[in-house]
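Under this note's numbering, read the sequence shown as residues 99 to 234, first letter to last.
Think of the CB as a built atom: it goes at the ideal place given N, C-alpha and C, for glycine as much as any other residue.
Beneath this line is the structure, given in structure tokens, with notes to follow.
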Amino acid sequence: MNIEDCKIIDLPKISDPRGNLTFVEGGVHVPFDFQRAYYLYDVPGGAERGGHAHKALSQLIIAMSGSFDIHLDDGRNKKTYHLNRSYYGLYVCPMIWREMDNFSSGSVCMVLASHKYDESDYYRDYAEFMRARWGV
Ligand code: T46
Numbered sequence: 099m100n101i102e103d104c105k106i107i108d109l110p111k112i113s114d115p116r117g118n119l120t121f122v123e124g125g126v127h128v129p130f131d132f133q134r135a136y137y138l139y140d141v142p143g144g145a146e147r148g149g150h151a152h153k154a155l156s157q158l159i160i161a162m163s164g165s166f167d168i169h170l171d172d173g174r175n176k177k178t179y180h181l182n183r184s185y186y187g188l189y190v191c192p193m194i195w196r197e198m199d200n201f202s203s204g205s206v207c208m209v210l211a212s213h214k215y216d217e218s219d220y221y222r223d224y225a226e227f228m229r230a231r232w233g234v
């Protein structure tokens with residue numbers, strides 16, 4: 099899996115004068131079932147998150163409110179996404195290094211994840227990630 103496998107997913111949007119509604123079904127709108135949801139909020143200006151890769155975790159990352167940037171890196175190619183709509187999700191496959199920054203004030207980042215939290219699923223060292231990914 100490489101960076102071309104990561105993509106923006108256009109989620110269903112039910113427009114309504116009372117307010118819009120978006121939903122996500124595991125295995126339908128995203129190519130995995132999710133076992134965990136978590137969210138980042140109250141992110142101070144200038145903060146950076148991420149700085150790691152996951153060995154087996156698949157994720158859908160959604161800007162529920164506000165905006166932020168996600169920088170993806172498979173060790174050969176890099177791509178940056180600016181997320182700013184709650185009906186778009188960024189699918190991130192396993193073995194992709196990611197960094198997040200440029201959080202707007204009041205932004206909320208929600209993640210749907212294929213597995214429960216497991217620290218042993220992380221590469222937090224870029225050199226270790228590169229060795230595992232490309233043997234360099
Ligand atoms: C990603 C971005 C968007 C838990 O105990 N349970 C959890 O489910 C999570 C996600 C984290 N934690 C603990 C582990 C660390 O001690 O919370 C602390 C910070 O976690 P992490 O370094 O993963 O935080 P971020 O914001 O750098 O990254 C997270 C995701 O892990 C990551 O996959 O893409 O959010």
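Any non-hydrogen atom of the ligand T46 within 7 Å of residue i CB
i, result
"I159", "yes"
"V122", "no"
"M193", "no"
"H169", "no"
"C207", "yes"
"H152", "yes"
"L235", "Only positions 99 to 234 of the chain appear in the structure, and residue 235 is not among them; the question remains open."
"R229", "no"
"G149", "yes"
Own chain residues within Cβ distance below 7 Å of residue i, not counting five before or after
i, result
"D258", "Since the displayed the chain opens at 99 and closes at 234, residue 258 lies outside it and no answer follows."
Helix, strand or coil at residue i according to DSSP, with G and I counted as helix
i, result
"M228", "helix"
"E123", "coil"
"I159", "strand"
"I112", "strand"
"D223", "coil"
"D199", "strand"
"I194", "coil"
Own chain residues within Cβ distance below 8 Å of residue i, not counting five before or after
i, result
"G143", "F201 and S203"
"D108", "Y185 and Y186"
Between the stretch 159 to 171 and the stretch 199 to 208, do at least 3 Cβ pairs fall closer than 8 Å?
-> Contact between the stretch 159 to 171 and the stretch 199 to 208 is present: 3 or more CB-CB pairs across the two stretches fall below 8 Å.
Beta strand (DSSP E) segments (min. 3 residues) lying fully within the stretch 128 to 186 | Runs of the beta strand (DSSP E) inside the stretch 128 to 186: 134 to 138, 147 to 152, 157 to 163, 166 to 171 and 176 to 181.
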